[in-house]
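Student: My questions all concern the structure below.
Number of protein chains: 2
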Amino acid sequence: MRISILLFDGFTMLDAVGGYAVLGWLPTAEVEFVAERKTIIADDLRSGGMAAWRDYSEVEATDILYVPGGPGVEPQLANEATLAFIRRLHEASTWTFGVCNGVELLAAAGILAGKTVTTNINARADVAALGATVVNSRYHRDGKIVTTAGVSAGIDGALFLARLIAGEDTAKTIQLGIEYYPAPPFSYASPDEVPEPIREVIRIAEESLLLDRMNAAQPRFLQPSL
Amino acid sequence: MRISILLFDGFTMLDAVGGYAVLGWLPTAEVEFVAERKTIIADDLRSGGMAAWRDYSEVEATDILYVPGGPGVEPQLANEATLAFIRRLHEASTWTFGVCNGVELLAAAGILAGKTVTTNINARADVAALGATVVNSRYHRDGKIVTTAGVSAGIDGALFLARLIAGEDTAKTIQLGIEYYPAPPFSYASPDEVPEPIREVIRIAEESLLLDRMNAAQPRFLQPSL
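Here the protein sequences come in this chain order: A and R. Under UniProt numbering, the residues of the first sequence are numbered 1 to 226, in order. Under UniProt numbering, the residues of the second sequence are numbered 1 to 226, in order.
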């Protein structure tokens with residue numbers, strides 16, 4: 001089972017790695033990291049880099065298309081090469097998996113019209129404006145499209161998808177392999193429960209500061225062709 | 001605040017990225033990824049690669065030493081260069097953070113004698129044999145040493161550490177930024193609650209199969225010097 005994880009400049013690393021840590025352990029998984037250019041793709045913090053060792057032209061079709069989010073989504077919304085890649089892969093995919101505001105990329109590619117999805121708390125309005133119905137869930141399935149809330153929700157959504165693909169025992173085995181029995185020190189049930197002053201900080205950060213900060217900083221490493 | 005995340009061949013990517021996604025957003029964080037050689041370090045699944053852009057000789061001292069785990073820990077237990085690096089960085093670190101069986105590396109480096117720690121469910125006996133007292137917690141602090149259970153527990157432990165470093169409001173803001181309000185589809189409270197047949201599968205996998213599988217596969221990408 002081919003799993004194609006999209007990387008782009010300024011992605012959020014946990015968006016990509018949370019679901020990878022789950023789906024990559026499915027017994028038949030063959031994961032590839034795909035980007036417009038084969039190099040080390042820099043994350044939003046500019047200190048993290050992941051190897052993209054396939055480019056768009058090398059991936060004709062896939063079983064699972066996996067699109068993470070991050071501040072780097074915004075420039076990609078205007079990158080027709082990325083949108084066309086998503087459209088093309090989605091056409092024949094068995095599953096399309098969108099994490100965080102990566103769901104906005106799916107929407108911009110035009111594949112969410114009339115679909116119901118979830119997304120990052122601060123991307124809800126933008127995703128809805130692109131024609132999708134947005135629900136406030138940790139993860140959500142509509143046909144072959146599985147979407148998740150922000151960043152770490154990719155783990156929960158991928159376990160849900162792993163159960164759909166391989167059954168409950170396999171999904172539970174993966175859950176144990178990554179010891180996902182979370183007990184965060186602050187136990188709000190959802191982002192909507194977080195006190196408003198903290199929500200305001202993150203709203204402002206996600207709407208402008210993160211992209212500015214990312215653009216102002218250079219990746220801390222070389223980016224040779226791979 | 002300098003945060004040095006150790007990478008080595010066969011690390012588990014979520015071990016490194018879970019805590020990075022938290023600590024990297026501390027206001028004064030300056031994260032570096034360090035390995036014995038500056039290149040793209042391949043993870044346990046061989047499809048994931050992260051850029052290590054500092055080598056051991058370039059990191060004289062750090063504020064937070066961060067050691068992830070993975071099947072690749074076992075060969076590192078006999079790598080004196082890695083053990084010496086851990087010993088040296090720990091000496092002057094403000095915090096030393098060990099995730100999953102990365103805690104075994106800390107123990108092998110000789111810095112856990114008489115300390116109380118947690119670790120991956122299947123590394124408990126090995127860590128105890130190296131002189132540490134092991135508790136079955138999601139995360140645990142003993143002085144400047146913070147350790148966590150397996151893989152995804154690095155997120156919880158890093159939020160705990162973020163609160164110690166920067167206070168509750170900052171830690172809660174990071175929690176919202178990564179939307180860590182987990183709701184996994186299977187809600188066991190801890191790995192000890194998982195049915196025995198599933199625990200047996202993971203025990204066997206972690207004790208032998210994962211390392212064999214990793215050694216049998218080549219990284220899927222080039223590993224140029226960085």
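Virtual Cβ for every residue (Gly too), placed ideally from N, Cα, C.
Report the residue from R:74, R:149, R:150 and R:144 whose alpha carbon sits nearest the alpha carbon of residue 162 of chain R.
Tutor: The shortest C-alpha separation from residue 162 of chain R is found at R:144.
Student: Considering only DSSP beta bridges, list what residue 97 of chain R is partnered with.
Tutor: R:66 and R:146.
Student: So the beta strand (DSSP E) residue 11 of chain A belongs to, where does it begin and stop?
Tutor: No beta strand (DSSP E) holds residue 11 of chain A; DSSP gives it neither H nor E.
Student: State yes or no: is the beta carbon of residue 1 of chain R nearer than 8 Å to at least one beta carbon in chain A?
Tutor: It does not; no Cβ of chain A falls within 8 Å.
Student: Residue 170 of chain R: beta carbon under 7 Å from a heavy atom of the ligand GDP?
Tutor: Within the structure as shown, the ligand GDP is missing, as the structure has no ligands at all.
Student: Alpha carbons only, please: which of A:192, A:197 and A:106 is nearest the one belonging to residue 76 of chain A?
Tutor: Measuring from the Cα of residue 76 of chain A, the nearest candidate turns out to be A:106.
Student: Say whether chain A places a C-beta atom closer than 8 Å to the C-beta of residue 214 of chain R.
Tutor: It does not: the Cβ of residue 214 of chain R has no partner Cβ on chain A nearer than 8 Å.
Student: For the beta strand (DSSP E) holding residue 50 of chain R, just list the boundary residues, first then last.
Tutor: Here the beta strand (DSSP E) through residue 50 of chain R covers 49-51.
Student: For a test of the three-state rule: what should DSSP assign to residue 111 of chain R, helix, strand or coil?
Tutor: Coil at residue 111 of chain R, not helix or strand.
Student: Taking C-alpha atoms, which residue in R:135, R:121 and R:183 lies nearest to residue 150 of chain A?
Tutor: It is R:183 whose Cα lies nearest to the Cα of residue 150 of chain A.
Student: Can you say whether residue 218 of chain A is buried or exposed, counting buried as having 16 or more other CB atoms within 10 angstroms of its CB?
Tutor: Residue 218 of chain A is exposed by the Cβ-count criterion.
Student: In the structure shown, what three-state DSSP assignment does residue 181 of chain A receive?
Tutor: Residue state, collapsed to three classes: coil.
Student: Can you check DSSP and say which residues form a bridge with residue 2 of chain A?
Tutor: DSSP, once it has assigned bridges, lists A:30 as partnering residue 2 of chain A.
Student: Measure the C-alpha to C-alpha separation of residue 202 of chain A and residue 173 of chain A and round it to an integer number of angstroms.
Tutor: If you take the alpha carbons of residue 202 of chain A and residue 173 of chain A, they lie about 34 Å apart.
Student: Am I right that residue 10 of chain A and residue 43 of chain A are in contact with their C-beta atoms under 8 Å? What's the rounded C-beta distance?
Tutor: With 8 Å as the limit, residue 10 of chain A and residue 43 of chain A qualify as a contact, their Cβ atoms being about 7 Å apart.
Student: Any residues in the region 179-191 of chain R with a beta carbon nearer than 7 Å to a beta carbon of chain A? Which ones, in chain order?
Tutor: So the list reads 179, 180, 181, 182, 183, 184, 185, 186, 188, 189, 190 and 191, given in the order they occur along the chain.
Student: Along chain R, which residues have their Cβ under 8 Å away from the Cβ of residue 198 of chain A?
Tutor: Chain R residues near residue 198 of chain A: 169, 172, 173 and 176.
Student: Measuring only between beta-carbons, confirm whether residue 26 of chain A sits less than 8 Å from chain R.
Tutor: Answer no: the Cβ-Cβ gap between residue 26 of chain A and chain R never drops below 8 Å.
Student: Rounded to the nearest angstrom, what separates residue 103 of chain R and residue 85 of chain R at their Cα positions?
Tutor: Rounded to whole angstroms, residue 103 of chain R to residue 85 of chain R spans 15 Å at the Cα level.
Student: Does DSSP classify residue 192 of chain R as helix, strand or coil?
Tutor: Of the three classes helix, strand and coil, the one that applies to residue 192 of chain R here is helix, per DSSP.
Student: Within its chain, find whatever has a CB closer than 7 Å to the CB of residue 171 of chain R; leave out the 5 residues flanking it on each side and keep chain order.
Tutor: Excluding residues within five positions, the ones whose Cβ falls inside 7 Å are 159, 162 and 163.
Student: Does residue 226 of chain A have its Cβ less than 8 Å from a Cβ in chain R?
Tutor: Closer than 8 Å: yes.
Student: Can you find the residues in the same chain that come closer than 7 Å, C-beta to C-beta, to residue 128 of chain R, ignoring five residues on each side of it along the sequence?
Tutor: 134.
Student: What residues from chain A crowd round residue 64 of chain R, counting only those whose CB sits closer than 7 Å?
Tutor: Within 7 Å Cβ-Cβ: nothing; residue 64 of chain R doesn't reach chain A, min ~13 Å.
Student: Taking the alpha-carbon of residue 2 of chain A as reference, which of A:96, A:49 and A:116 has the nearest alpha-carbon?
Tutor: Among A:96, A:49 and A:116, the Cα nearest to that of residue 2 of chain A is on A:96.
Student: Quick check on DSSP: helix, strand or coil for residue 170 of chain R?
Tutor: Helix at residue 170 of chain R.
Student: Relative to the C-alpha of residue 152 of chain A, which candidate in R:213, R:27, R:14 and R:193 has its C-alpha closest?
Tutor: The shortest Cα separation from residue 152 of chain A among R:213, R:27, R:14 and R:193 belongs to R:14.
Student: Closer than 8 Å between beta carbons: that is the criterion. Which residues of the region 4-21 of chain A meet it against chain R?
Tutor: If the cut-off is 8 Å between Cβ atoms, the region 4-21 of chain A has 12, 13, 14, 17, 18, 20 and 21 near chain R.
Student: Could you run through the region 131-163 of chain A and flag, in chain order, every residue whose CB is less than 7 Å away from some CB of chain R?
Tutor: The region 131-163 of chain A vs chain R, Cβ under 7 Å: 138, 149, 150, 151, 152, 153, 155, 156, 159, 160 and 163.
Student: With DSSP run on the structure shown, which of helix, strand or coil describes residue 162 of chain A?
Tutor: Helix.
Student: For residue 33 of chain A, return the contacting residues in chain R, with the cut-off set at a CB-CB distance below 9 Å.
Tutor: In chain order: 47, 48, 49, 220 and 221.
Student: Is it buried or exposed, residue 136 of chain R, if we count other Cβ atoms within 10 angstroms and call 16 or more buried?
Tutor: Label assigned to residue 136 of chain R: exposed.
Student: Rounding to the nearest angstrom, what Cα-Cα distance links residue 60 of chain R and residue 154 of chain R in this structure?
Tutor: Those two C-alpha atoms are separated by around 25 Å.
Student: From the DSSP output, read off the bridge partner residues of residue 139 of chain R.
Tutor: Looking at the DSSP assignment, residue 139 of chain R forms a beta bridge with R:148.
Student: Buried or exposed for residue 87 of chain A, going by 16 or more other Cβ atoms inside 10 Å?
Tutor: When all chains shown are included, residue 87 of chain A counts as exposed.
Student: Using 8 Å as the threshold, is the C-beta distance between residue 4 of chain A and residue 89 of chain A below it?
Tutor: In this structure, residue 89 of chain A lies closer than 8 Å to residue 4 of chain A by Cβ.
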